[in-house]
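Just so you know, we're using our numbering here: the sequence shown kicks off at 1 and counts up by one. Even for Gly, the Cβ is constructed at its ideal location relative to N, Cα and C. Here the structure is a predicted model, which is why all the values come from computation and not from measurement.
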Amino acid sequence: MTPNKGFSVQVKAAQEKTGGLINGSRTGLLRLAHGVVETPIFMPVGTQATVKCLLPEQLKEIGTQILLSNTFHLYLRPGYEDIRYYGGLHSFMGWDRPILTDSGGFQVFSLS
């Protein structure tokens, strides 16, 4: 997919045949530079740029739409120099679908 310069979010109410809400539930679509993610979604965690015990091809086979990673852990290992050398996080991970990274702020401020 060709990366775009933005993203969009679409929230939809899940409806029964009668048109009413099902327990107030809702679904959504995240249109991101590397693909569309249907919500709600489970995100496998690739803390240090890899999901343990699964290859990117296997993640795709089981329907993974997005991966979650942690910026602070990526900074510590493998390190931003290695990630940059390989052309960014997507290339480094061998993953062409969306990646969500949290800041790692909790880990930074919870250090003793």
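*Tell me, which residues are paired with VAL37 by DSSP?*
LEU30
*asked:* Does LEU55 come out as helix, strand or coil in the three-state DSSP assignment?
replied: coil
*How big is the Cα-Cα spacing for GLN10 and THR27?*
8 Å
*With DSSP run on the structure shown, which of helix, strand or coil describes LEU89?*
Correct three-state label for LEU89: helix.
*DSSP puts THR101 in a beta bridge; with which residues?*
SER69
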